[in-house]
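Undergrad:
In this note's numbering, the protein residues as written are 135 to 312.
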């Protein structure tokens, strides 16, 4: 197809969202050719379903990730044209914030450090919850609890936020080691 020969990875295209597949892929018409955007390329933020980010009939601009003329496939990225909001949160390293516990796992609790519904979450390891290092965080916190946490690290590459409740509490009490 001649149209594919003019497209280059790293270029930008504008198109219209034509459909969202049940398995999460978004299809975009870019001049009579249907390109795809996989869920991880829709947004820097967590996405449950593409319809949380785009709608059928919506016009979008996206970066071309890959052009495969043999398979007649073009992969796009919507997030590549946006600033990474996690980068902005690096200013919180060393700060104490209060966030809602969103889920418990055997090794800790996830706490939302932004107030928005799809805000970034960080992990408070059980050793950073305080207490006597329980095997599970359930005795210490519950989903929905508001928890003061100190932001210890934000790993932009691995997309992980490390938090400590123990250090946030000791900082508030003026104890050493905060």
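For every residue, glycine included, the Cβ atom is placed at its ideal position computed from N, Cα and C.
This one's a predicted model, so the numbers in the text were calculated from it and none came from an experiment.
Hey, quick one: how far does the alpha helix (DSSP H) through residue 137 stretch, first residue to last?
TA: Start and end: 136-140.
Undergrad: Take residue 236 as the anchor and find which of 245, 253, 259, 217 has the nearest alpha-carbon.
TA: Taking only the C-alpha atoms, the option nearest residue 236 is 245.
Undergrad: Run the CB neighbour count on residue 224, radius 10 Å, all protein chains shown included, and call it buried at 16 or more, exposed below.
TA: Under this definition residue 224 is an exposed residue.
Undergrad: Return the chain-ordered list of same chain residues with a C-beta closer than 7 Å to the C-beta of residue 311, the five sequence neighbours on each side being excluded.
TA: The pLDDT assigned to residue 311 is 48, lower than 50, so where the model puts this residue is not dependable, and the model offers no usable value.
Undergrad: For the alpha helix (DSSP H) holding residue 282, just list the boundary residues, first then last.
TA: Taken as a continuous stretch (DSSP letters only), residue 282 belongs to no alpha helix (DSSP H), being part of the beta strand (DSSP E) at 280-289.
Undergrad: Return yes when the Cβ of residue 198 is within less than 8 Å of the Cβ of residue 210, no when it is not.
TA: Yes; because the gap between Cβ atoms is below 8 Å, this pair is in contact.
Undergrad: Are the beta-carbon atoms of residue 212 and residue 177 separated by less than 8 Å?
TA: Result yes, Cβ atoms of residue 212 and residue 177 sit closer than 8 Å.
Undergrad: Buried or exposed: which applies to residue 262, given that a residue is buried once 16 or more other Cβ atoms fall within 10 Å of its Cβ?
TA: Per the 10 Å Cβ criterion, buried.
Undergrad: Which of the three DSSP states is assigned to residue 196 in this structure?
TA: Of the three classes helix, strand and coil, the one that applies to residue 196 here is strand, per DSSP.
Undergrad: Given that a residue counts as buried once 16 or more other Cβ atoms are within 10 Å of its Cβ, and exposed if not, what is residue 247?
TA: Burial call: buried.
Undergrad: Taking Cβ positions, are residue 299 and residue 277 nearer each other than 8 Å?
TA: The answer is no: Cβ separation not under 8 Å.
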